[in-house]
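Numbering (the numbering used here), first residue to last: 13 to 271.
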Amino acid sequence: MNRFLTLTAVAFVGVVICVGSAQAQNTIVKVNFQYAVKFVCGQSAEDHLQAVKGIYTTAVNVHNPGVFNAVFAEKIAIARPQEIAGPISKFRLSQLPSDAAFELTCEEFSSDTQTKFVTGFLVIESPVELDITAVYTARPSDGEVSTIDVETIASRKVRLTLSVEPGPQADISLVNSHGQLHFNVMGLEWQVQSTALSVFDLQGKIVYTSGNIQGAALNWNFTATNGRAVANGVYLAVITARGKLGQLITSTRKIAVSR
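Below, the structure is given as structure tokens:
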């Protein structure tokens, strides 16, 4: 789940002035496309009813082919054998810059369960079309032979509106020093595992992206991805942080660059 924070920062050389507040709020997502991705994760025992004995993994890759930032909702529905409905997580928000991608693995799918083997569906609901691919791997518990299968997930057209509640909370500090903006993410009652930074201009075009970085700290030196200094103006900095137990927060900062 996400906690959206908006902060206005005017960045000069050697000084930053920050004005704003942080608060949790519901986010409205108007959904046009739904994706249901099957996942199979963990070690199945000999007498297991859901799969033959072996070790199973699933990796889901999500790509935004559009020209604008994509904000969408995702949830996990656990499947149980013998027609028993499993638990369903609350929706959480994710976002991807134009042409960017991320991967979801068994670590996220099984973070809320205590079993060694888990199956179910990752449900993604989005206002825009996404490219979603699932990679399935299986191997015997006592052997080296593995099998792999890749499946492209088709979308289902729907028309609905979601109100997504805020989830894990975090404090995000921003300091301008020696020509760089330093972002630091501190999870409140959870530990940050990786962070990513994407910077957009006000037309929605991506200017800079850091990719996923291990740890809670990020830096931006006011340059574009090609290494050139950005022009004076207003930019949106989107910080995404993930926790070890699948927590996810996204924070947006409005930054005015003036030299």
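We put the beta carbon where it would ideally sit given N, CA and C, even for glycine.
Next item on the list: Please report the residue range of the alpha helix (DSSP H) in which Glu120 lies.
Entry: On the sequence shown, residue 120 is found 108 positions in, with the first residue counted as 1. Taken as a continuous stretch (DSSP letters only), the alpha helix (DSSP H) holding Glu120 covers 118-121.
Notebook entry, point to check: Going by Cα to Cα distance, which pick from Met198, Thr173, Thr252, Val269 is closest to Gly223?
Noted result: Here residue 223 refers to the residue found at position 211 of the sequence shown. The residue with the shortest Cα to Cα distance from Gly223 is Thr252.
Checklist line | Three-way DSSP call (helix, strand, coil) for Ser33 in this model | finding: As a working note, residue 33 is residue 21 in the sequence shown. In this predicted model, Ser33 has a pLDDT of only 35, less than 50, meaning its place in the structure is not dependable; the value taken from the coordinates is given anyway. DSSP places Ser33 in strand when its eight states are reduced to three.
Notebook entry, point to check: Where Val5 and Thr69 are concerned, what is the direct C-alpha to C-alpha distance, given to the nearest angstrom?
Noted result: Outside the shown range of the chain, which is 13 to 271, sits residue 5, and nothing can be said about it.
Note to self: Rounding to the nearest angstrom, what Cα-Cα distance links Ser206 and Tyr148 in this structure?
What the structure shows: Locating residue 206 in the sequence shown gives position 194, where the first residue counts as 1. Locating residue 148 in the sequence shown gives position 136, where the first residue counts as 1. A straight line joining the alpha-carbon of Ser206 with that of Tyr148 spans about 24 Å.
Check: How many whole angstroms separate the CB atoms of Ser12 and Val130, which I take to be in contact at a CB cut-off of 8 Å?
Finding: Nothing can be reported for residue 12: it is not among the residues displayed for the chain, which extend from 13 to 271.
Check: With burial defined as no fewer than 16 other Cβ atoms inside 10 Å of the residue's Cβ, what is the status of Leu193: buried or exposed?
Finding: Translated into positions along the sequence shown, residue 193 becomes position 181. By the 10 Å Cβ count, Leu193 comes out buried.
Notebook entry, point to check: Glu141 by DSSP, collapsed to three states: which one?
Noted result: On the sequence shown, position 129 is the one that residue 141 refers to. Glu141 falls in the coil class under three-state DSSP.
Next item on the list: Using the Cα positions of Gln226 and Val197, report the straight-line distance between them to the nearest angstrom.
Entry: For the purposes of this step, residue 226 is identified with residue 214 of the sequence shown, where counting begins at 1. For the purposes of this step, residue 197 is identified with residue 185 of the sequence shown, where counting begins at 1. Gln226 and Val197: Cα-Cα distance of roughly 12 Å.
Note to self: Using only CA atoms, which one of Asp183, Ser101, Ile88 lies nearest to Gln203?
What the structure shows: Residue numbering aside, residue 203 sits at position 191 when the sequence shown is read from its first letter. Ranking Asp183, Ser101, Ile88 by Cα distance to Gln203 puts Asp183 first.
Next item on the list: Please check if any C-beta of chain B sits within less than 8 Å of the C-beta of Phe212.
Entry: Going by chain labels, chain B is absent from the structure shown, which holds only one protein chain.
Next item on the list: Could you name the residues of the same chain whose beta carbon sits closer than 8 Å to that of Trp232, not counting the 5 residues immediately before and after it, in chain order?
Entry: Indexing the sequence shown from 1 puts residue 232 at position 220. The beta carbon of Trp232 is closer than 8 Å to those of Gln192, Leu193, Phe195, Leu209, Val211, Tyr220, Ser222, Ala249 in its chain, skipping five residues each way along the sequence.
Next item on the list: For Ile88, I'd like the list of residues in its chain whose CB is within less than 7 Å of its CB, leaving aside the five on either flank, ordered along the chain.
Entry: If you number the sequence shown from 1, residue 88 lands on position 76. Same-chain partners within the cutoff: Ser101, Phe121, Gly132, Leu134.
Next item on the list: Just the C-alpha distance for Ile40 and Val170, rounded to the nearest angstrom, thanks.
Entry: For the purposes of this step, residue 40 is identified with residue 28 of the sequence shown, where counting begins at 1. For the purposes of this step, residue 170 is identified with residue 158 of the sequence shown, where counting begins at 1. Annotation: Ile40 to Val170 spans about 16 Å, alpha carbon to alpha carbon.
Note to self: Suppose contacts are defined by Cβ-Cβ distances below 8 Å. Is Leu260 in contact with Arg92 by that definition?
What the structure shows: The residue you call residue 260 lines up with position 248 of the sequence shown. The residue you call residue 92 lines up with position 80 of the sequence shown. Against a cut-off of 8 Å, the Cβ pair of Arg92 and Leu260 comes out as no contact.
Notebook entry, point to check: In the DSSP assignment, what are the bridge partners of Asp213?
Noted result: Numbered from 1 along the sequence shown, position 201 holds the residue referred to as residue 213. Per DSSP, Tyr247.
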